[in-house]
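Let me begin by presenting the structure, written as structure tokens, before commenting on it.
Protein chains: 2
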Amino acid sequence: MSDSYHHGDLANALLEAVGEIVTERGASGVTLREAARRAGVSHSAPSHHFGDKDGLMEAFGIQGWEMLSERLRTTFLETEAQTHRLRLEAMGRAYLHFAMGQPAHYEMMMRMMDDCEDPLAPINQAAETAFMPLALLVGQIVQDGIIPEHRARYFASILWGTVHGIAHLWESDRLPRFYEDHTPEAFVDGIVGTMSSVIFPE
Amino acid sequence: MSDSYHHGDLANALLEAVGEIVTERGASGVTLREAARRAGVSHSAPSHHFGDKDGLMEAFGIQGWEMLSERLRTTFLETEAQTHRLRLEAMGRAYLHFAMGQPAHYEMMMRMMDDCEDPLAPINQAAETAFMPLALLVGQIVQDGIIPEHRARYFASILWGTVHGIAHLWESDRLPRFYEDHTPEAFVDGIVGTMSSVIFPE
DNA sequence: CGAAGATGTGGACGCTGTCAAGATGTTTCT
DNA sequence: AGAAACATCTTGACAGCGTCCACATCTTCG
Chain S
1 MSDSYHHGDL ANALLEAVGE IVTERGASGV TLREAARRAG VSHSAPSHHF GDKDGLMEAF
61 GIQGWEMLSE RLRTTFLETE AQTHRLRLEA MGRAYLHFAM GQPAHYEMMM RMMDDCEDPL
121 APINQAAETA FMPLALLVGQ IVQDGIIPEH RARYFASILW GTVHGIAHLW ESDRLPRFYE
181 DHTPEAFVDG IVGTMSSVIF PE
Chain E
203 MSDSYHHGDL ANALLEAVGE IVTERGASGV TLREAARRAG VSHSAPSHHF GDKDGLMEAF
263 GIQGWEMLSE RLRTTFLETE AQTHRLRLEA MGRAYLHFAM GQPAHYEMMM RMMDDCEDPL
323 APINQAAETA FMPLALLVGQ IVQDGIIPEH RARYFASILW GTVHGIAHLW ESDRLPRFYE
383 DHTPEAFVDG IVGTMSSVIF PE
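Residue numbers (our numbering), protein chains in the order written: chain S, 1 to 202; chain E, 203 to 404.
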């Protein structure tokens, strides 16, 4: 493969460039032309891989959802033998650790959720898939009788909303100033532990 | 006042235009020039009132935070004689009803939180002020002994994160499809009731 | 070999945010 | 009242952006 004219792996190079830009300037600083420059390619090359700018940003967001999806799935499977309480805690930690450890991806995931209204769009399908293990676990917790059945749907929404909201507040710098004495891990443990102790009273 | 050359109330007209645009095209569709067009004014008139585009969007976001702030403050004062449980429920409803009833403002509030990293920026100050009543209420609930003191900070973060996360998921169209049999009010009641019953077990 | 397709280039277009210079009202000070 | 300072709005210019188009280059496959 001659590396003069054809890049060879432009799609991935562009996604990496997007990651860099989001880290440096935030999701609103992403530019098709800048991503192309960083990949060493002309300004209109990306169109052959991602269509338009939204396509590129959506692809980066989908990549993030797939990473999170994989982590949640793994956590779900690895904790199969544990109590529902420990399992839920492990899922919460996995979600928050991902959001805090991959801020560029997480920011774009949120941004694309905001901008893309169609529930059937790939990005939203990916988001929904990621939450399947959580939904399963909630079903099991409801069967334990800890949550009454008529509240199951609300309870699932609340759990999703809580980890999502905490991650979003953290990532948009609303929470860190209140936890300067914490490592990120200690913060996550405190949040997850408190959630768990409220849901499963002793 | 002659209405030919000078507008008279351009600042408000621009904020209203931003609201329209957000409703029609989302926060990412806002354009300084389009807002100026809708206000019937030249493309660079807005700079005298809001500096640049971020200034205009931030002003719209701040306006939203002040509206929410006022609602939460009012709710907090009006429920002074009630139990902490009823008071917390009322605050949750007020927050969610605002987010769902003023989606344009809420979307911009979130967008600006994402984009503006400086915790001392006016938009973030306004956001923090809005949550003062909630923080106060959490302090009182902790005094009741329902939540142990060493978890107070986490508990406050969780409450904030939960209403914020639920509102964000709803507004970005993630939740409505699961609640098509609900009016928005019924959805809010279900969420708030479930949160409350988890926090205050009978 | 040659056609078809995938991938990358370069230039054009209209739109955008920002800036500078000037025009037009309004307020304030003398 | 008059002038000076100020606030507000216009016009024109500029570079950067996303998108489209025609074309160049490389790969694949009949």
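All C-beta atoms in this analysis are idealised placements derived from N, C-alpha and C, irrespective of residue type, glycine included. Remember, it's a predicted structure, so these values are computed and weren't measured experimentally.
Residue i beta carbon near the ligand NAD (any heavy atom closer than 7 Å)
i, result
"S:D189", "This structure does not include the ligand NAD; it has no bound ligands of any sort."
8 Å Cβ cutoff, residue i in contact with chain E
i, result
"S:H168", "yes"
"S:L134", "no"
"S:V30", "no"
"S:D203", "A question about residue 203 of chain S goes unanswered here, because the residues of chain S that appear run from 1 up to 202."
"S:L175", "yes"
Contact set between residue i and chain E, taken where Cβ atoms lie within less than 7 Å
i, result
"S:I191", "Y356, S359, I360"
"S:I123", "The premise fails here: S:I123 is roughly 11 Å from chain E at the closest Cβ pair, so nothing lies under 7 Å."
"S:V138", "Here the premise fails: no neighbours, minimum Cβ distance about 12 Å."
"S:P119", "D375, R379"
"S:T194", "R353, Y356, F357, I360"
Proximal chain E residues relative to residue i, where beta-carbon distance stays under 8 Å
i, result
"S:P201", "P403"
is_contact[residue i, chain S] using C-beta, thresh 8 Å
i, result
"E:V390", "no"
"E:M311", "no"
"E:A296", "no"
Under 9 Å by beta carbon: chain S residues contacting residue i
i, result
"E:A329", "R174"
Problem - chain S contacts made by the region 343-375 of chain E, where a contact means CB separation under 7 Å - result: R353, R355, Y356, F357, S359, I360, W362, G363, T364, H366, G367, I368, H370, L371, S374, D375
Practice task
Would you mind listing the alpha helix (DSSP H) stretches within the region 44-89 of chain S that are 4+ residues and don't spill past its ends, in chain order?
Solution key: Along the length of the region 44-89 of chain S, whole alpha helix (DSSP H) runs at least 4 residues long occupy 47-50, 53-78, reported in chain order.
Practice task
Check distances from the C-beta atoms of the region 19-47 of chain S to those of chain E and list, in chain order, the residues that come in under 8 Å.
Solution key: With the criterion set as a beta carbon lying under 8 Å from some beta carbon of chain E, the members of the region 19-47 of chain S are G26, A27, S28, in sequence order.
Handout entry: the region 177-193 of chain S touching the region 227-244 of chain E, judged by at least three CB pairs closer than 8 Å
Key = No contact exists between the region 177-193 of chain S and the region 227-244 of chain E.
Handout entry: chain S contacts made by the region 249-283 of chain E, where a contact means CB separation under 8 Å
Key = none
Handout entry: the region 128-138 of chain S / the region 272-290 of chain E touching (three or more Cβ pairs under 8 Å)
Key = no
Handout entry: the region 170-180 of chain S in contact with the region 53-62 of chain S per 3-pair CB rule at 8 Å
Key = no
Exercise for the section: Report yes or no: do three or more beta-carbon pairs, one from the region 353-368 of chain E and one from the region 102-116 of chain S, lie closer than 8 Å? Expected result: Pairwise C-beta distances place the region 353-368 of chain E out of contact with the region 102-116 of chain S, as fewer than three of them are shorter than 8 Å.
Handout entry: Ordered list of alpha helix (DSSP H) runs contained in the region 100-157 of chain S, each at least 4 residues
Key = Secondary structure remark: continuous alpha helix (DSSP H) runs of at least 4 residues inside the region 100-157 of chain S, in chain order: 103-115, 122-130, 132-143.
Problem - the region 286-297 of chain E / the region 204-218 of chain E touching (three or more Cβ pairs under 8 Å) - result: no
Exercise for the section: Please confirm if the region 308-317 of chain E is in contact with the region 248-255 of chain E, defined as three or more CB-CB distances below 8 Å between the two stretches. Expected result: Taking a contact to require three or more Cβ pairs closer than 8 Å, the region 308-317 of chain E and the region 248-255 of chain E do not qualify as touching.
Practice task
Answer yes if the region 112-120 of chain S comes into contact with the region 365-378 of chain E, meaning at least three C-beta pairs across the two stretches below 8 Å, and no otherwise.
Solution key: yes
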